[in-house]
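Residue 48 is where the sequence shown starts when you use the numbering used here, and the numbers rise one by one after that.
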Amino acid sequence: MNCENYKFLLILPDNLASPPNLAEQDGICEKITGTILRRKNKDMQIIRSVEELLGYIALRKEQHQSIGFVPTMGALHAGHISLVEKAVEENDVAVVSVFVNPTQFNNPTDLATYPRDEEADIRLLAKHGVDAVFMPGVEEMYPNGMERDHEFNLGAAAEVMEGKMRPGHFQGVAQVVSRLFLLVRPNRAYFGEKDFQQIAIIKNMTESEGIDVEIISCPIKRAEDGLALSSRNALLTEEQRKRAPEIYAALKESVEYSKTHSVRATHDSVVERLDAVPEMQVEYFEIVDSRTLLPVEEWDEAPSVTGCITVYNGKVRLIDNIRYR
Ligand code: AMP
């Protein structure tokens, strides 16, 4: 088949094998025509080494294809997939990384119990039209050891909330994400607003490190009962899972409450309500300027105000947030 004069948008149904002659040629077609081939459930590249990744990316760059990138720690759910779908839709090539990064865990038990399901992740990503998944081992990511060669300048936003509760966490996040950005060289990278503070930190990191990438924030995906989807939800007992929607219920109701009450009273009402739920303990709830992430005392102190919460549900640490203004 001569594809020199054609452009393709090829969508293969999940249950259809690649048409053999097209599959043989599609590398050439892509090269000649800059074609977008979307392979549903087909031909997703599973890349485990940095060397292979660099080769893959170099080829895409040579072909002037835009790269959308979604960094994850795996145990993928519909929250991750909402980012993946955007990356697939908005770019020529969608690359996802699955790597449980030890350097961002300040609690060894949290790292040891972090859920992992590589096979299910691969299946899910292939089904959603991802072009390549990068699944490195720890040595591949950190060939010279996990020690950071420099401290990242992450600004004042890194000193509050998660930064205060999990010392070194954001340095570890900056370390792994900067390395991934340098390897994948994405045009756009997708992050979820569930980790609201993380987005600000990543933006600060790309600015201070001089990495040219558009950071795209995506809304929180929730279960039907309102619980923010999280890989850690898999660790909840049945009882804890039943109670977990209280977190979002309390946040949502507090938006109404905030219209007639002060920042302090709104804060206290949420904390009191959640602390009264069996097995639940609020670690922090901070009502902050959405841009700087620094606490506000008055609702009109900042153009946009967000409440960020972390709650222990048994031993499982859950985070969520809500926009007030
Ligand atoms: P993680 O695997 O937890 O590191 O998450 C990878 C990315 O998915 C991060 O940018 C998260 O913010 C995002 N993410 C995780 N859960 C959700 C969710 N429920 N809704 C939207 N994005 C999410």
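Glycine is no exception: its CB is placed at the ideal position from the N, C-alpha and C atoms.
These numbers come from a predicted model, not from an experiment.
Within a Cβ cutoff of 8 Å, which residues of the same chain sit near residue i, ignoring the five residues on either side of it in sequence?
| i | result |
| --- | --- |
| V223 | P118, F146, N148, T150, Q151, M188 |
| Q287 | E326, N360, G361, V363 |
| P67 | Residue confidence is low: P67 scores 40 on pLDDT, short of 50, so the model does not pin down where it sits. No coordinate-derived value is stated. |
Only counting the same chain, and skipping five residues up and downstream in sequence, which positions put a Cβ closer than 6 Å to that of residue i?
| i | result |
| --- | --- |
| D178 | V140, A141 |
| I246 | F238, S264 |
| S255 | N200 |
| A134 | G115, V117, A141, Y237 |
| S113 | N138, D139, N234 |
Just confirm the distance between the C-beta atoms of residue i and residue j, as a whole number of angstroms; I'd bet it's less than 8 Å.
| i | j | result |
| --- | --- | --- |
| E345 | V310 | 6 Å |
| L100 | L230 | 6 Å |
| V329 | I366 | Contact doesn't hold; Cβ gap of about 11 Å is too wide. |
| L321 | A297 | 5 Å |
For the alpha helix (DSSP H) holding residue i, just list the boundary residues, first then last.
| i | result |
| --- | --- |
| T253 | 243 to 256 |
| I294 | 293 to 305 |
| T156 | 155 to 160 |
| I169 | 165 to 174 |
| F228 | 216 to 231 |
| I128 | 125 to 137 |
| G115 | Element bounds for G115: not the alpha helix (DSSP H) but the beta strand (DSSP E), 114 to 119. |
What do you get for residue i, buried or exposed, if any count of 16 or more other CB atoms within 10 angstroms of its CB means buried?
| i | result |
| --- | --- |
| N368 | buried |
| L123 | buried |
| D168 | buried |
| H197 | exposed |
| C76 | Its pLDDT being 33, under 50, C76 is placed unreliably in this model, and the value from its coordinates should be taken loosely. Counting Cβ neighbours within 10 Å, C76 comes out buried, since at least 16 surround it. |
| S96 | exposed |
| R163 | exposed |
| E98 | exposed |
| D242 | buried |
| S351 | exposed |
| N49 | Because the pLDDT at N49 is just 39, under 50, the model does not fix this residue reliably, and the point stays unresolved. |
| G74 | Any reading at G74 needs caution, since the residue's pLDDT is 37, under 50, leaving its predicted position unreliable; the model's value is listed next. The residue in question, G74, is exposed, as its Cβ has fewer than 16 Cβ neighbours within 10 Å. |
| T307 | exposed |
What span of residues does the beta strand (DSSP E) with residue i cover, start to end?
| i | result |
| --- | --- |
| Y103 | Premise fails: Y103 lies in the alpha helix (DSSP H), 97 to 109, not in any beta strand (DSSP E). |
| A236 | 235 to 239 |
| A179 | 179 to 181 |
| S277 | Note, S277: premise wrong, no beta strand (DSSP E); not H, not E. |
| M188 | Here M188 belongs to no beta strand (DSSP E); instead the alpha helix (DSSP H) covers 185 to 188. |
| G354 | 352 to 360 |
Beta-carbon within less than 7 Å of residue i's beta-carbon, same chain only, minus the 5 sequence neighbours each way: which residues are those?
| i | result |
| --- | --- |
| G137 | What sits at residue 137 in the sequence shown is Glu, not Gly. Cβ neighbours of E137 beyond the five flanking positions: G115, R235. |
Name all residues in chain order for which at least one heavy atom of ligand 1 lies closer than 6 Å to the residue's CB. T119, M120, G126, H127, S129, L130, F238, G239, K241, D242, C265, I267, K268, A275, L276, S277, S278
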